[in-house]
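**Student:** Residue numbers (the numbering used here): 183 to 270.
A virtual CB, placed ideally from N, CA and C, is assigned to each residue, including glycine.
Since this is a predicted model, take the numbers as computed values, not measurements.
1) Please name the residue, chosen from 263, 187, 253 and 259, that lies closest to residue 214 on a Cα-to-Cα basis.
2) On a CA-only basis, which of 198, 208, 252 and 264 is nearest residue 229? Give me that one, please.
3) Does the distance between the C-beta of residue 225 and the nearest non-hydrogen atom of the ligand MG fall short of 7 angstroms?
4) Please report the residue range of the alpha helix (DSSP H) in which residue 212 lies.
5) If we count the other Cβ atoms within 10 Å of its Cβ and call it buried at 16 or more, is residue 262 buried or exposed?
6) How about residue 196 and residue 211: are their beta carbons less than 8 angstroms apart?
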């Protein structure tokens, strides 16, 4: 591999890490003499939000199926009876 190919691969990895959808195309837009690639990517991301995946936010709430809060009254009663009878 040439030095240029190596550089492109490294930059494409940085783009993938930033969540770029078309990193193989965007990598050719980065100027060759660019010193701080990460700063360039951050700037590009602000200007072209469409090309980057939205970061999914998890608000820390995990779904717990056995939790009584997610059950309708029938299921709650069912669980109560099963627990009382000792069959879980």
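**Tutor:** Concretely, from the data shown:
1) As a first step, residue 214 must be located in the chain shown, where it is residue number 32. Cα-wise, what sits closest to residue 214 is 187.
2) Along the chain shown, read from residue 1 onward, the residue named residue 229 stands at position 47. Checking every option, the nearest Cα to that of residue 229 belongs to 208.
3) Absent from the structure shown: the ligand MG. Ligands present: none.
4) For the purposes of this step, residue 212 is taken as residue 30 along the chain shown, with counting starting at 1. Neither: residue 212 is in no alpha helix (DSSP H) and is coded neither H nor E.
5) As a position in the chain shown, residue 262 is number 80, starting the count at 1. Its Cβ having fewer than 16 others within 10 Å, residue 262 is exposed.
6) Position 14 of the chain shown, counted from the first residue, corresponds to residue 196. Position 29 of the chain shown, counted from the first residue, corresponds to residue 211. Not a contact, by the Cβ cut-off of 8 angstroms.
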